[in-house]
Amino acid sequence: MKFATFQMDGRTAVGLVEPENGGIWPLESILGEPVDGMVDLIRRYDGLKERIRPTGRAIDLASVRIGAPIPRPARNVMCVGKNYHDHAHEFARSGFDSSAKGKADAVPEVPIIFTKVPESVIADGEAIRHPGEISDSIDYEAEVTVIIGKGGRGITREQAYGHVWGYTIINDVTARDVQGRHKQWFLGKSFDTFCPMGPWIVTADEIDPASLAVRCWVNDELRQDANTRDLIFDIPTLIETISAGITLMPGDVIATGTPAGVGIGFDPPKYLKRGDRVTIEVEGIGRLANTLE
C-alpha cells in the first residue's frame with residue numbers, strides 16, 4: 001500500500017493512495033477514527049492494516065496538495081555517503097571528498113553516516129530555495145529512503161527488514177562549496193528546503209529494495225541511472241550499523257546514498273541553476289520533482 005500526507009480544505013490528513021487510479025482515501029474515513037499523522041499510522045499499523053481498504057468514492061489526487069510523507073521528522077534524517085561504487089569514485093575525483101585521502105580509499109570500508117536537519121524537508125513540487133550568496137554550487141542526489149517501523153537497538157542484519165515499515169524518495173540537495181569549505185557534510189546538506197521527500201511511502205511488502213531502478217533527470221537530461229543492486233552497503237548493513245549504538249524509533253528516516261551522475265561528477269561540474277527542475281524516479285515508488293528557485 002501507498003500512504004500520503006495531504007492537505008485539503010485547510011486540514012492535514014493521512015490517506016491511502018492509488019496513484020495509478022488517481023485517487024486517495026482519507027484514513028479517518030476508512031477507519032472511522034482519527035489518525036494523527038504518518039508516524040501515528042506507523043506505530044499503530046499492525047493493528048490497523050486489515051481494516052485499511054479503499055471504501056466509497058476516492059478523492060481526486062489532483063484536487064489535494066500532497067505534502068512530504070513525514071513533514072517534520074522527529075529526529076534528523078540519517079544519510080549515507082558514498083554508497084554506490086561509481087559515485088564513490090566520481091566523488092573522490094572531484095576534490096571535495098574529505099573522507100578519502102586518495103583514489104585507493106575512495107570506496108569506504110564501513111558506512112559513512114551523516115544527517116540533515118528535519119527542517120530541511122519539503123514536499124514533492126515545492127521549491128528548493130537557492131541560498132544566494134552562501135553557495136553557488138548546488139547539487140542533487142537521488143536516494144531510495146527507508147522508513148523505520150519497529151524501533152530497536154542492536155538490530156542484526158538478519159532482523160533488519162523486520163524493522164522497515166516502508167520506502168520513499170529523497171533528493172539529498174547539497175551545497176558543494178560549503179561541504180568542501182567546512183570539510184564535513186552536515187552544513188552543506190541541511191539548508192532550508194534541501195531535503196525534498198516523497199511523494200508518498202510504499203509499505204515494505206510492496207517492493208524488493210535490493211533491486212530497484214533509480215533515475216534522475218535535470219530538466220530533460222538523464223543524469224543518474226542505476227539500481228540498488230549496486231549499493232556498497234545494503235539496507236540490512238545500514239540498519240545494523242546505525243542501531244549498534246543508537247536506538248532507532250518508528251518514523252526514523254534513512255536515505256541510503258546516491259548513484260553516480262551527480263553534478264560534481266562532471267568535468268566541468270553541472271551544478272543546478274535557478275529554474276532547473278530535478279525529477280527522481282524510483283521503481284515501485286514513484287516520482288519526486290522539485291525546481292530550484
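Take the sequence shown: its position 126, counting from 1, is numbered 126 in our numbering, and each next residue is one higher.
Every residue gets a Cβ at the ideal spot worked out from N, C-alpha and C, and that includes glycine.
These numbers were taken from a predicted model, which means no experiment stands behind them.
Looking only at C-alpha atoms, which of the options sits nearest to residue i?
i    : options                   : result
T168 : R44, P54, P196 and A74    : P196
N109 : D124, I201, H85 and G180  : According to the sequence displayed, residue 109 carries Glu and not Asn. Per the Cα distances, H85.
R287 : M249, P268, I239 and A213 : A213
G81  : G32, Q179 and P54         : Q179
R11  : T237, D36 and T156        : D36
L61  : P71, G15 and E33          : G15
G56  : R65, V64 and G32          : G32
I112 : D234, G132 and I52        : D234
I201 : Q7, P19 and M8            : P19
I30  : A68, N171 and A58         : A58
H89  : V107, N171 and I52        : V107
P131 : C79, Q7, P71 and D192     : D192
I207 : E28, P268, D230 and V164  : V164
E221 : A160, D124, G284 and D276 : D276
P54  : Q224, H87, S63 and E28    : E28
D205 : R44, I285 and P269        : I285
T228 : P269, T115 and H87        : H87
Y203 : K116, D9 and V17          : Residue 203 is actually Thr in this sequence, not Tyr. Considering only alpha carbons, the answer is V17.
G198 : R153, D124, Q224 and P269 : D124
S63  : R44, R43, E283 and D9     : D9
K183 : R223, F114 and G152       : F114
A74  : Q159, A160, R153 and K116 : K116
I'd like to know whether the C-beta atoms of residue i and residue j end up nearer to each other than 9 Å.
i    : j    : result
T258 : N76  : no
K3   : L48  : For clarity, residue 3 is Phe in the given sequence; the question names Lys instead. No.
K150 : G162 : yes
A255 : V144 : yes
M1   : I52  : yes
R72  : Q7   : no
R274 : L292 : yes
Y382 : R129 : Residue 382 cannot be examined here, being either before or after the span of the chain that is shown, 1 to 293.
Compute the beta-carbon to beta-carbon distance between residue i and residue j, rounded to the nearest angstrom, for a pair I have assumed lies under 8 Å.
i    : j    : result
A142 : I280 : 4 Å
E126 : N290 : 6 Å
V39  : P236 : With 8 Å as the limit, V39 and P236 do not qualify as a contact, their Cβ atoms being about 23 Å apart.
T174 : D139 : 5 Å
I134 : I239 : That pair is no contact at about 34 Å.
V253 : I147 : 6 Å
A260 : A226 : 7 Å
D230 : C79  : That pair is no contact at about 17 Å.
Answer yes or no: the CB of residue i versus the heavy atoms of the ligand GDP, is any distance below 8 Å?
i    : result
N227 : As far as ligands go, the structure on display features none, and thus does not contain the ligand GDP.
Can you find a CB in chain D that lies within less than 9 Å of the CB of residue i?
i    : result
T279 : No chain D is part of this structure, which consists of one protein chain only.
As an exercise, report each continuous alpha helix (DSSP H) stretch of at least 4 residues that is fully enclosed by the segment 173 to 236, in chain order.
Whole alpha helix (DSSP H) segments, 4+ residues: 176 to 182 and 186 to 189.
Count Cβ pairs between the segment 117 to 136 and the segment 232 to 247 that sit closer than 8 Å; are there 3 or more?
The answer is no - the segment 232 to 247 does not touch the segment 117 to 136, with fewer than three Cβ pairs under 8 Å.
Counting Cβ pairs, one atom from each stretch, are 3 or more of them under 8 Å apart for the segment 182 to 197 and the segment 261 to 269?
The segment 261 to 269 and the segment 182 to 197 do not touch, with fewer than three beta-carbon pairs separated by less than 8 Å.
Which whole runs of the beta strand (DSSP E) in the segment 4 to 53 are 3 residues long or more, in chain order?
Uninterrupted beta strand (DSSP E) stretches at least 3 residues long and entirely within the segment 4 to 53 occur at 11 to 18 and 23 to 26, given in chain order.
Whether or not the segment 19 to 27 and the segment 213 to 231 are in contact is what I'm after, with contact meaning three or more pairs of Cβ atoms, one per stretch, closer than 8 Å; do they touch?
no
Please specify which runs of the alpha helix (DSSP H), each continuous and at least 4 residues long, are wholly inside the segment 95 to 152, giving them in chain order.
none
I'd like the ranges of any beta strand (DSSP E) spanning at least 3 consecutive residues and lying wholly in the segment 233 to 280.
253 to 255
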